[in-house]
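First residue of the sequence shown? That's -7 in this note's numbering, and the numbers climb one at a time after it.
Structure record follows, encoded as structure tokens.
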Amino acid sequence: MKKNKQVFVIDNPQSFKVQILHWSNQFEVCTFLDNHAYESPYGALDCIAAVNPVSFIALDSVSAAAVDTFIEAHKGQWIFAHFNYEYHTITKPNNKKNLTGFPLAYLYTPAVVIELTGNTLTIQSDHENPQILFEQISSFVAPYSSEQDTDNTAAPTTSITPLISKAVYLENIQKILQLIKRGDFYEINYCQAFEVKQISTHPANVYTHLTAVSPTPFACFYKNNSDYLLCASPERYLQKKGSQLISQPIKGTIKRSLENEADDRLQVAALQNSSKDKSENVMVVDLVRNDLSKICEQGSVQVTELFGIYSYPQVHQMISTITGTLSGNTLFSEILDATFPMGSMTGAPKKSVMETIDKLEPTKRGLYSGTVGYFNPEGNFDFNVVIRSIFYNSDTRNGSYQVGGGITIYSDPENEYDECLLKAAAIKKVLSGNDSITV
């Protein structure tokens, strides 16, 4: 438990969130999570921020013992963490470039935790007076305030460069389709990466611009020294509430028609009736059910929602919810081993799919399609899926983003390429001010 804790009532929560973000960014390590007021039966906090590690571990290799020991040693405390996509033992390590820059895994206990739910603000601190922290946050002016967040203009960049051409992407999809026809796997999430040179706007402002264009329930601003994650994710990887585990994979995306309500409803109907998207979604649901069955009580794993359609500012998404009762005395490393990387970012069967991902994708995914989240003092946790994200390094002022889609036997290569660009539309709008890329 934190030694100092105080509750405040906020007049303008939305404005105060921005203050929390900019205040948090002054620390070498900070995590800022925001659900943008999306309502869900599985919702937790509206917004939470953590800064200034009191204790931490940074891992460059998979170590179940180190993770479990750290969590056990800090029972009853807040723990914030990330795990890169490569935090697994399914495929062999490689020397490909990690565009995202983050260590393989990082867990820390923060000196200060700030929770915001509705207009109720709670500040917990190891040492400082919460009243003083509240006053600091309220009056904080960022040194980059000339670029304030109310100006949702694009961040100037010199270039956005795909690391594979459209022709190579289409060729790789054809290879994947042949492997599916051969019976190697049923569905695979194949990703492509883009490099961004010389981002001149401060990453905190880029994040606020991104989430203004695309507010999502698992958004995250995460800073780890010179590496930044600016994330507008709509997807939950895994949540624990008491003994219940909840996973909500997304498979199925269609563009919104915001200018015409009738056309937008037709888009929803098209997604609901898409055999390709349903096939893709149900395969991942089966994979998640299988993953959870390894660590949950027998007979407790169930699909509580299949093919749910959820609307976001840019797209409609097909989301399913799978729950299960966690078996007693299961360690967090065992949960990771059974479920990570998440099925929506890999495919089925997972081992064969991930081996193919290693062969066809030219870079490591790094934190992309990994996860960021927290453990609360009661031992519950909530982690997102890191997608729809910009990665930035403050030393080089360069960045990157990655985007992918699920490939099944029903996939059309051209349509899959277009879907990738659709998913990255908000990122491209923020970074370059237009939706076109020279390939």
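Glycine included, every Cβ here is placed at the ideal spot set by N, Cα and C.
From a predicted model like this one, the values you see are computed outputs, not experimental measurements.
- As the crow flies, the alpha-carbon of E163 is around 43 angstroms from that of E289.
- The beta carbon of H28 sits closer than 8 angstroms to those of T203, P207, T208, P209 and A211, all from its chain and outside the five residues before and after it, given in chain order.
- Rounded to the nearest angstrom, the Cβ distance from T296 to T317 is 13 angstroms, too far for a contact under 8 angstroms.
- Residue environment: N111 is assigned as exposed (fewer than 16 neighbouring CB atoms within 10 Å of its CB, all protein chains considered).
- Judged by DSSP secondary structure, N407 falls outside any beta strand (DSSP E) and instead within the alpha helix (DSSP H) spanning P405 to K415.
- Counting along the chain, no alpha helix (DSSP H) covers V377, and no H or E run does either.
- Between the segment 364 to 371 and the segment 389 to 401, the count of C-beta pairs closer than 8 angstroms stays below three; the two stretches do not touch.
- Taken in chain order, the unbroken stretches of alpha helix (DSSP H) that lie wholly in the segment 34 to 95 and span 4 residues or more are 56 to 65.
- Under the DSSP assignment, R357 falls outside any alpha helix (DSSP H); it carries neither an H nor an E label.
- Between the segment 375 to 383 and the segment 215 to 233 there are three or more C-beta pairs closer than 8 angstroms, enough to call the two in contact.
- If you compare the alpha carbons of L25, V422, A418 and H74 with that of Y304, the shortest gap goes to A418.
- For N216, the enclosing beta strand (DSSP E) begins and ends at F210 to N216.
- Taking C-alpha positions only, H194 is separated from F75 by approximately 25 angstroms.
- Sequence-distant partners of A103 (beyond 5 residues in either direction) whose C-beta falls short of 6 angstroms from its own C-beta, in its chain, are N44, V46 and D118.
- The beta carbon of N90 sits closer than 6 angstroms to the beta carbons of K356 and G358 from its chain, once the five residues preceding and following it are set aside; these are given in chain order.
- In this structure, the beta-carbon distance from Q231 to K247 does not fall below 8 angstroms.
- Here the segment 234 to 252 makes contact with the segment 403 to 422; the two share three or more CB pairs at distances below 8 angstroms.
- With respect to K88, P341 sits apart: the two C-beta atoms are not nearer than 8 angstroms.
- A contact is defined here as three or more CB-CB pairs under 8 angstroms, and the segment -1 to 18 meets this definition with respect to the segment 126 to 135.
- Annotation for P195: the continuous alpha helix (DSSP H) segment containing it runs P195 to V205.
- Looking at the DSSP output, G316 shares a beta bridge with L237.
- Annotation for Y304: no alpha helix (DSSP H) segment contains it, and DSSP assigns it neither H nor E.
- Taking C-beta separations shorter than 8 angstroms and ignoring five residues to either side along the sequence, the partners of Y214 in its chain run C22, T23, F24, H74, Y220, L221, C223 and V364, following chain order.
- Between W70 and N368, the CB-CB gap stays under 8 angstroms.
- For the pair V277 and P241, the CB atoms are nearer than the 8 angstroms cut-off.
- Here the alpha carbons of L250 and E78 stand approximately 37 angstroms from one another.
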